[in-house]
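Below you'll find the structure, written out as C-alpha cells, and then a few comments.
Number of protein chains: 2
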Amino acid sequence: MQSLTEENYLKSIYGLAQKPAEKITPTALAASMCVNAASVVDMIKKLTDKKLINYDKHKGVKLTTLGSKIAIDIVRKHRLWEVFLADKLGYSWDVVHDIAEQLEHTKHQELANRLDKFLGYPEFDPHGDPIPNAHGQLPATANVLLSEIEAGKTCQVTAVKDTSAVFLQYLEQLSVGIRTKLKVIEKIAFDGSMIIQIGKANRTTVSKKFAENLFVA
Amino acid sequence: MQSLTEENYLKSIYGLAQKPAEKITPTALAASMCVNAASVVDMIKKLTDKKLINYDKHKGVKLTTLGSKIAIDIVRKHRLWEVFLADKLGYSWDVVHDIAEQLEHTKHQELANRLDKFLGYPEFDPHGDPIPNAHGQLPATANVLLSEIEAGKTCQVTAVKDTSAVFLQYLEQLSVGIRTKLKVIEKIAFDGSMIIQIGKANRTTVSKKFAENLFVA
DNA sequence: AATATAAATTAGGGTAGTCTAATTATATAT
DNA sequence: ATATATAATTAGACTACCCTAATTTATATT
C-alpha cells in the first residue's frame, strides 16, 4: 500500500513520461511536484525500495510494471471523477481537475468500476484526455489526421504517422509531443497549410504535409 | 484550515457528543479514535489553540461554535456521499461507511451542495442517520413512536416522550440512548409488548408503555 | 482517612515528508 | 583541457502525528 504522497509522485512520473524524449530527472520531478529536489531524492529512494520505479543517473526515473499499474489506476480514477463532476454535478472543465485530485486517492477496488459503469463507460474526460479502462488500457484513439480538423477546433496529438528523425526533430523544435493540445486557427485554402496554436502560447503555420502526418483526437 | 487528522478528531467529538450525559474524556476520545490517550492530549491542545474545542478537566471536551460547524459539515459530506454510493453506485449500506470516510474530507465549498442537489436533497443516509442541510440544520425528525413501528422494521431512537428519571434509568439499563438502533422483532398481540433488538446484540421484550414513550425515526 | 485503582499528563522518541545549506558530480563553454 | 555553471546528493533540522514509559492527579474502596 502506498501513501497519498507516494501516489502523487507516481502520478507525476506517469504524467512526465507521456512526453517521451524528455528524461525524468529529480529536478524535473521536483518542479512538477512543487517540492525541493532534495525531497525528490528521498522519495526516489523510497519508491525504488518499493520496486515502483527504477532510477538510473543517465536514463532518469522510469515506472516499473507495478508502478505503472498503480499510476494508471490513479489516472483512471482522476478522470472518471472529472467526468462525474462535469456531467453529473455540472462543474465546468476548468474546475474539475482540482476537485478530482482530492477524490482520486479513494481506495476501494470496486469503486472505480462502479463509477465507470454509472457514468456509462466514458472514454475521455472533460479535457479530452483518455480514460484507462478497468484493465489499464487506453481507448484506441481514432486515426484522425490534423489535416482533417476544422478551423476553430481544438485537438490533442495522439501519435505521429511519419516517424522519421527529421519530422520528430521538427516536432521537438515546435514543442509538439504526444498529448500536446493544438487549436486550428485557420486553414489556408491555397496550399492546405494551417495556422495552429500549440499549447497555450505559440502560434505557428505548418504545412499540409505536416498536418497529414500527425494523428490527433 | 484543518488537517485530515484534525477533521477526524472533530468528527469523533461530534459523534460522542450525540450521546449526551456522557462527558468526552481524553480516554473516551482515544478509544473512539483508536489511538493512545497521550496522542489525544496533544491534539486537545492543538484544537484548543485553534479555538475549535474547549476542554475542562471536569466537563470534558466540547466543540466551540466554529468546531461544531466544521464537524457538522464533515458529517453532512459523509452522509451525502453515503447516499451517493448506495443510491447511484448500488453499494449496500454496510459498505458505504468506509468509502464515505475517504470522500468526506474533500474541500470545495460548493461540492456538498451540488452533490446534495444531484441526490435530490436527501434527509437521511442509508443508515437512517439525518443529513444536515446546507445551513447545518438537521431535518426535523417525525414524531413516530416505537409502538407504531411494524415488526421487521429497523428504526433509531430520536427522543423520549416520558422524561422521568425512572424511565431514563431504565433506558440506560437497556443501553438505549439517542441514536440507538432498534429492530422490532415481534409484536405481541395480547398486551402490545414488543420483542426488540437493541443495537447489534441484546434482544429484549419491552412493554407497550415503554414503546409508547420512545420517539424513533 | 488511607490506600488502591484508574485517568490524565509529561517526557522522550519514532516515522513520513518537507526544508535549507553544503558538498559532490556532471555538463557546458571557452 | 580547464573553468564555470548546473544538477544531484548528503547532512541536519523541522512539523505533524503517533507511540511507550513514567509520573501526577482523581476517583473508589476499605
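Sequence lines, in order, name chains A and B.
Be aware that the first sequence starts at 0, since it is given in numbering that gives the first Met the number 0, and climbs by one per residue.
Be aware that the second sequence starts at 0, since it is given in numbering that gives the first Met the number 0, and climbs by one per residue.
Built from N, CA and C at the ideal position, the CB exists for glycine as well.
Contact check, residue i vs residue j, beta carbons under 8 Å
i, j, result
"G198/A", "S174/A", "yes"
"T105/B", "L28/A", "no"
"K58/B", "K22/B", "yes"
"L145/A", "L213/A", "yes"
"V183/B", "A150/B", "yes"
"I69/A", "L51/A", "yes"
Alpha-carbon spacing of residue i relative to residue j, whole angstroms
i, j, result
"Q1/A", "Q136/A", "22 Å"
"Q172/A", "P129/A", "26 Å"
"D124/A", "K49/A", "31 Å"
"L79/B", "N142/A", "42 Å"
"A133/A", "A85/B", "21 Å"
"A216/A", "T157/A", "6 Å"
"G176/B", "L110/B", "33 Å"
"P25/B", "A37/B", "8 Å"
"K160/A", "Y54/A", "31 Å"
"A99/B", "K87/A", "18 Å"
"L9/B", "Q168/B", "29 Å"
"A20/A", "A188/A", "34 Å"
"K56/B", "L15/B", "17 Å"
"N201/A", "L3/B", "41 Å"
"Y13/B", "D72/A", "35 Å"
"E211/B", "L181/B", "14 Å"
"T204/B", "K186/B", "9 Å"
"Q295/A", "H126/A", "Examination of residue 295/A is not possible in this model, given that chain A is present from 0 through 216 alone."
"R113/A", "G119/B", "20 Å"
"V40/A", "V60/A", "11 Å"
"P131/A", "A30/A", "26 Å"
"E6/B", "H77/B", "12 Å"
"N35/B", "Y90/A", "42 Å"
Cross-strand partners of residue i (DSSP beta bridge)
i, result
"Q155/A", "K180/A"
"L144/B", "F214/B"
"K186/A", "M193/A"
"V175/A", "According to DSSP, which records beta bridges pairwise, V175/A is partnered with nothing at all."
"V165/B", "Its beta-bridge partners do not exist; DSSP assigns none."
"T4/B", "Paired residues: none, contrary to the question."
Counted within 10 angstroms of its Cβ, other Cβ atoms place residue i as buried (16 or more) or exposed
i, result
"R75/A", "buried"
"I43/B", "buried"
"V165/B", "exposed"
"G66/A", "buried"
"C33/A", "exposed"
"G163/B", "It should be pointed out that residue 163/B corresponds to Ser in this sequence rather than to Gly. Its Cβ having fewer than 16 others within 10 Å, S163/B is exposed."
"D115/B", "buried"
"S11/A", "buried"
"E81/A", "buried"
Which ranges would you report for the beta strand (DSSP E) in the segment 10 to 92 of chain B if only whole runs of at least 3 residues count?
If you keep only unbroken beta strand (DSSP E) runs of at least 3 residues inside the segment 10 to 92 of chain B, you get 52 to 55, 59 to 62.
So within the segment 94 to 130 of chain A, which uninterrupted alpha helix (DSSP H) runs reach at least 4 residues, ignoring any that extend past its ends?
Whole alpha helix (DSSP H) segments, 4+ residues: 110 to 117.
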